[in-house]
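Following: one structure in structure tokens, then a few remarks.
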Amino acid sequence: MGDGDLDRDADLQRTVGEAARHAIAAGVSLASIADAEQIGHERAREELGPELLRRVERAARRRREAEREYEHAVVRAGELGLAHRDVAAAAQVAHGTVRAIIARAELTIEPVFAQTVFNRKLTRFHRRGHAAVHSEWRLITTTHNLLKRHSHRIAPTPT
Numbered sequence: 001m002g003d004g005d006l007d008r009d010a011d012l013q014r015t016v017g018e019a020a021r022h023a024i025a026a027g028v029s030l031a032s033i034a035d036a037e038q039i040g041h042e043r044a045r046e047e048l049g050p051e052l053l054r055r056v057e058r059a060a061r062r063r064r065e066a067e068r069e070y071e072h073a074v075v076r077a078g079e080l081g082l083a084h085r086d087v088a089a090a091a092q093v094a095h096g097t098v099r100a101i102i103a104r105a106e107l108t109i110e111p112v113f114a115q116t117v118f119n120r121k122l123t124r125f126h127r128r129g130h131a132a133v134h135s136e137w138r139l140i141t142t143t144h145n146l147l148k149r150h151s152h153r154i155a156p157t158p159t
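Heads up, the sequence shown is in the working numbering, so the first residue is 1 and it goes up one at a time.
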């Protein structure tokens with residue numbers, strides 16, 4: 001705690017004490033002061049709560065997006081063959097952290113690739129050019145996702 005915080009706390013205590021003295025001198029009970037404070041807190045919660053929750057939600061979303069972007073960049077660097085130690089130095093994290101991120105990505109990517117190549121017999125692309133191959137790959141992965149969703153449908157509940 002800095003000196004500014006201590007000064008601010010002392011000023012706040014003096015102000016609260018002075019307000020309580022004035023209220024008691026005016027004949028107001030401490031219970032009614034406490035009730036008014038409680039009502040003020042409830043009103044502030046009702047008026048400010050939804051907006052603050054939206055701000056928290058937006059901040060959490062931005063944090064998740066930044067985390068995803070960071071992990072994607074680390075995985076991409078690993079895919080390009082950059083040394084894990086160089087990636088860790090650039091990201092200013094431990095070498096083990098980079099290895100863990102890349103291992104986590106491999107766990108999610110490998111089953112999709114294996115299912116696509118071996119089970120669906122995709123051995124080569126049928127079109128040439130980066131854009132054509134990219135669109136063909138997106139079509140293949142979209143059908144993979146549709147098949148996955150179809151096979152994992154929730155069974156209807158018995159009546």
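Glycine is no exception: its CB is placed at the ideal position from the N, C-alpha and C atoms.
As the structure is a computational prediction, the values presented were derived from the model and not from experiment.
About 5 Å separates the beta carbons of residue 133 and residue 125, which is inside the 8 Å limit, making them a contact pair. Separation of the CB atoms of residue 87 and residue 77 is rounded to 5 Å, and the pair is thereby assigned contact status at 8 Å. The residues 95, in chain order, have a CB closer than 6 Å to that of residue 85 in the same chain once the five nearest residues on each side in sequence are set aside. For residue 133, the uninterrupted alpha helix (DSSP H) segment begins and ends at 130–151. Scanning the region 80–129 for uninterrupted alpha helix (DSSP H) segments of 4 residues or longer gives 84–91 and 95–114, listed from N- to C-terminal end. DSSP places residue 26 outside both helix and strand once states are collapsed to three, so it counts as coil. Rounded to the nearest angstrom, the gap between the Cα atoms of residue 57 and residue 22 is 42 Å.
Of all C-beta pairs linking the region 135–148 to the region 115–125, three or more are shorter than 8 Å, placing the two stretches in contact. Note on geometry: alpha-carbon atoms of residue 39 and residue 12 lie some 20 Å from one another.
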